[in-house]
Amino acid sequence: MQLNRDELLGAYRRMKTIREFEERLHEEIKTGEIGGFTHLYAGQEAVAVGLCDQLTIDDKIVSTHRGHGHCIAKGCDVKGMMKEIYGRAGGLCKGRAGSMHIADLDVGMLGANGIVGGGAPQAVGAAIAARIDGKGRVGVTFSGDGACNQGTTFEAMNLAVVTKVPAIFVFENNHYSEHTGDAYAVGTNRDIASRAEGFGMKAWRANGCDFFETYAAFTEILEYVRAGNGPAAIELDTERYYGHFEGDPQRYRGKGELDRIRAERDCLKAFRARVTGAALLTDADLDTIDAEVLALIDEAVAEARADEQPDPATVADDVYVEYY
Amino acid sequence: MAIMNIREAIVSTLHAEMERDSDIILLGEDVVGGNGTAGGPEAIGGIWGTSPGLWKKFGPERVIDTPISESAIIGAAAGAALSGKRPVAELMFADFVGVSLDQIWNQMAKFRYMFGGKTKCPAVVRLVYGAGMQTAAQHSQSVYAMLTAMPGLKVVLPTTPADAKGLLTEALRGDDPVMFFEHKTLYGVKGEVPDGDHRQRFGEARVVREGGDVTVVACGRMVNFSEKAADAVAKDGIGIDLLDLRTTSPLDEDAILESVEQTGRLVVVDESPPRCSLAADIAAMVTERAFTSLKAPPAMVTAPHSPIPFARNLERAWVPSPQKIEDAVRRVLAFR
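Residue numbers (numbering that gives the first Met the number 0), protein chains in the order written: chain A, 0 to 323; chain B, 0 to 335.
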């Protein structure tokens, strides 16, 4: 795998954007201006960007309720997302979705999902459509180690294998489904990829905290799936920095666990060390991006705060396309 | 006009619409039938005989046999609809919505609203429903009221072959998710079907007959039972306004209210238990909006508040009968 300078800068910018979006939300939520449940993706950036950087706008992804990272990686407007999370009229979904259900079909993002395991069969549907269209597109579902235990995920994997459609099952194992560990809840000895293999699918495994390893695995998977070999799966060992939801005190974590994973498994630090070590990019290149991303997030928050609330008179709009 | 039964009307409509629009795909258990067997594909064209010939004509890309996986079927339909296709997903028994309810209720019904009106979900779910074949508690239910209660879904129940064609065509050309209910005892009902393009708008009740004394509102098989009741009371000079709802979402409130304003008397017939039912909903709507027109309390003719029994005589006792409808008509007329 050889990424050129622009590709490397772009990947870093998107990972950094996700990280700062999440870090900033973590602070803003404390102000009480953002309601509802917010589930942060920080720590898992290498997965979303490692895959979505290799997708086109016509490839479809279906996300989880930890969906901000997938949205940003797939190209959703960051300011529109921030407005949506603030419940504003100018949000990507006019304030109807909030954090848990953001979608932007114009960029092939079919929605975060408030139901654990809700997305997997929809990705198979997207893959059915992709195969009919015959343009080498794929349908991707992101699932966590929680969703891998849902029946919908099993049904979707079997249907994808039976119909041989270009579906990709991405299992982001951050080792916690809500507040329960994969050591307890994943019955196949914590091995999710073997489940996909059990359905007759080729499955990959990668270190989800290593952008380059993740990217390389997705390159292989996309080549395999776009060539018409049917569905594929990948399990990524990754880390979630924040709780299941914002406000979760994470009492289930081990002592020093979060400090250790931030120190040892941070995908952004690893990326920086790798590209500067190999003299592909300089610290100054990356620092410039850091500053630009921070400015963008500042603007996004300011614009979200300033945006109007949705008009209550529109509360029942858009239920149907047409209601006689 | 051709004479055909409801099954034939559905099959021919699927053929015509799939030919017209290459985005329409069909998926479900045994819609091809025989895949993976010695008999091979099309050994059976659908358990209810509603998909023969489709696989041969349109191929496995568009006519997709699925494993027994209702969540996957409906979820795949939802995802395909979001990806530019017009899926028709078949649930061979409406009772199985329970297995796939999340994909219907939380997913396809909500996409448009939740995503700020920026998308549509043109999926048709065909559900085979109803009592009358001794298929008992888990294979006989009329779950249309439950789905009618969910904003975002349109709910359709054809009673005649002409409506089967017109309503299915409308469903396949619309952009909302449609729950298309086919009563398992009505497939053989014959009637005239308009040739060529025939669309029946949703939310327009069919006036089956006009009589002026009592308004009877029904859907599905209960329309036919209500006709029998209307014939019976006609011998005593009692005239029934009989409305076949055709769709419960949208509901033709105007047709119901207009008739009740004339007759002052309402009987709602519903092939499901009474609590939180379609009958209760319509009775409440009329009571709220046409109270001063009413000369008697609205009557609900429903099944009892119980699951559906197997034994033939018990099942007959469970289903609202022409006799019970007739009794209700006489009851509201006798009220002073």
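Just so it is clear, CB atoms sit at the ideal spot from N, CA and C, and this is done for glycine as well.
Enclosing beta strand (DSSP E) for VAL87(B) [first to last residue]: Translated into the one-based positions of the second sequence, residue 87(B) becomes position 88. Note, VAL87(B): beta strand (DSSP E), 85 to 90.
For MET145(B) and GLU270(B), the rounded distance between their alpha carbons: Within the second sequence, numbered from 1, the residue matching residue 270(B) stands at position 271. Within the second sequence, numbered from 1, the residue matching residue 145(B) stands at position 146. So the two alpha carbons sit approximately 13 Å from each other.
Nearest-angstrom Cβ-Cβ length linking TYR175(A) and HIS243(A), presumed shorter than 8 Å: For this step, residue 175(A) is matched to residue 176 along the first sequence. For this step, residue 243(A) is matched to residue 244 along the first sequence. 7 Å between Cβ atoms; contact.
Cβ pair count under 8 Å reaching 3, the segment 217 to 227 of chain A against the segment 246 to 260 of chain A: Segment contact: the segment 217 to 227 of chain A against the segment 246 to 260 of chain A, fewer than three CB-CB distances shorter than 8 Å; contact not assigned.
Range covered by the alpha helix (DSSP H) that runs through LEU267(A): Along the first sequence, one-based indexing puts residue 267(A) at 268. That run of the alpha helix (DSSP H) goes 266 to 276.
Beta bridge counterpart(s) of ALA217(B) as assigned by DSSP: If you number the second sequence from 1, residue 217(B) lands on position 218. Beta-bridge partners assigned by DSSP to ALA217(B): ASP243(B).
Test: PRO120(A) CB closer than 8 Å to a CB of chain B: The sequence position of residue 120(A) within the first sequence is 121, counting from 1. It does: the Cβ of PRO120(A) has a partner Cβ on chain B nearer than 8 Å.
Within chain A, partners of GLN199(B) - CB distance below 8 Å: Start at 1 with the first residue of the second sequence, and residue 199(B) comes out as number 200. Neighbours of GLN199(B) on chain A: none; closest Cβ ~12 Å, over 8 Å.
Rounded separation between ASP212(B) and GLY97(B) - CA only: For the purposes of this step, residue 212(B) is taken as the residue at position 213 of the second sequence. For the purposes of this step, residue 97(B) is taken as the residue at position 98 of the second sequence. The alpha-carbon atoms of ASP212(B) and GLY97(B) are separated by roughly 40 Å.
Selected residue, minimal CA-CA separation from GLU22(A), among PHE170(A), PHE210(A) and TYR40(A): Counting from one through the first sequence, the residue named residue 22(A) turns up at place 23. Per the Cα distances, TYR40(A).
Simplified DSSP state of ALA15(B), which is helix, strand or coil: Your numbering for residue 15(B) matches position 16 in the second sequence. In the three-state DSSP reduction, ALA15(B) falls in the helix class (H, G or I).
Test: ARG288(B) CB closer than 8 Å to a CB of chain A: For the purposes of this step, residue 288(B) is taken as residue 289 along the second sequence, with counting starting at 1. Not an interface residue.
Straight-line gap, GLY107(A) to ALA232(A) (C-alpha atoms, nearest Å): Residue numbering aside, residue 107(A) sits at position 108 when the first sequence is read from its first letter. Residue numbering aside, residue 232(A) sits at position 233 when the first sequence is read from its first letter. Approximately 20 Å between the Cα atoms of the pair.
Identity of the residues DSSP links to THR301(B) by a beta bridge: Translated into positions along the second sequence, residue 301(B) becomes position 302. For THR301(B), which the question treats as bridged, DSSP gives the partners ASP269(B).
Nearest-angstrom Cβ-Cβ length linking GLY190(B) and ALA161(B), presumed shorter than 8 Å: By 1-based counting over the second sequence, the position of residue 190(B) is 191. By 1-based counting over the second sequence, the position of residue 161(B) is 162. Right, the Cβ-Cβ distance comes to about 6 Å (below 8 Å), so this counts as a contact.
Interface partners of ASN157(A) on chain B, CB under 8 Å: Here the question's residue 157(A) lines up with position 158 in the first sequence. What ASN157(A) touches in chain B: PRO66, SER68 and ALA71.
Inter-residue Cα distance where the pair is ARG274(B) and PRO303(B): Taking the second sequence and counting its residues from 1, the one referred to as residue 274(B) is at position 275. Taking the second sequence and counting its residues from 1, the one referred to as residue 303(B) is at position 304. Roughly 9 Å separates the two Cα atoms.
Under 8 Å by beta carbon: chain B residues contacting ALA102(A): Within the first sequence, numbered from 1, the residue matching residue 102(A) stands at position 103. The answer, in chain order, is PHE110, MET113, PHE114, LYS117 and THR118.
3-residue-minimum beta strand (DSSP E) runs that sit fully inside the segment 87 to 156 of chain B, ordered along the chain: Complete beta strand (DSSP E) runs here, min 3: 123 to 128 and 153 to 155.
Three-state class that DSSP yields for MET284(B) in the structure shown: Locating residue 284(B) in the second sequence gives position 285, where the first residue counts as 1. The three-state secondary structure of MET284(B), taken from DSSP, is helix.
Which residues DSSP lists as bridging PHE170(A), in chain order: Start at 1 with the first residue of the first sequence, and residue 170(A) comes out as number 171. Its beta-bridge partners are SER142(A) and GLU234(A).
Short Cβ contact (8 Å threshold) for THR37(A) with SER98(A): Residue 37(A) sits at position 38 when you count from the first residue of the first sequence. Residue 98(A) sits at position 99 when you count from the first residue of the first sequence. Contact: yes.
Contact set between GLU60(B) and chain A, taken where Cβ atoms lie within less than 8 Å: Along the second sequence, read from residue 1 onward, the residue named residue 60(B) stands at position 61. Within chain A, the residues placing a beta-carbon under 8 Å from that of GLU60(B) are ARG130 and ILE131, ordered along the chain.
LEU166(B) versus ASP94(B) - alpha carbon distance: Mapped onto the second sequence, residue 166(B) falls at position 167. Mapped onto the second sequence, residue 94(B) falls at position 95. Spanning the alpha carbons of LEU166(B) and ASP94(B) requires a straight line of approximately 22 Å.
Burial state of GLN137(B), where buried means 16 or more other Cβ atoms lie within 10 Å: In the second sequence, the residue the question calls residue 137(B) occupies position 138. Exposed, because fewer than 16 other Cβ atoms sit within 10 Å of the Cβ of GLN137(B).
8 Å Cβ cutoff, GLU76(A) in contact with chain B: Here residue 76(A) is taken as the residue at index 77 of the first sequence, counted from 1. Per the sequence shown, the amino acid found at residue 76(A) is Asp instead of Glu. Residue-level contact check: ASP76(A) does not touch chain B, since none of the beta carbons of chain B fall below 8 Å from its beta carbon.
Secondary structure of PHE244(A), DSSP reduced to three states: Position 245 of the first sequence holds residue 244(A). In the structure shown, PHE244(A) sits in coil (DSSP, three-state: anything other than H, G, I, E or B).
Beta carbon of ALA278(B) nearer than 8 Å to that of LEU242(B): Counted from its first residue, the second sequence places residue 278(B) at position 279. Counted from its first residue, the second sequence places residue 242(B) at position 243. Contact: no.
Within-8 Å CB hit, PRO150(B) to chain A: Translated into positions along the second sequence, residue 150(B) becomes position 151. Taking CB atoms only, PRO150(B) has a neighbour in chain A less than 8 Å away.
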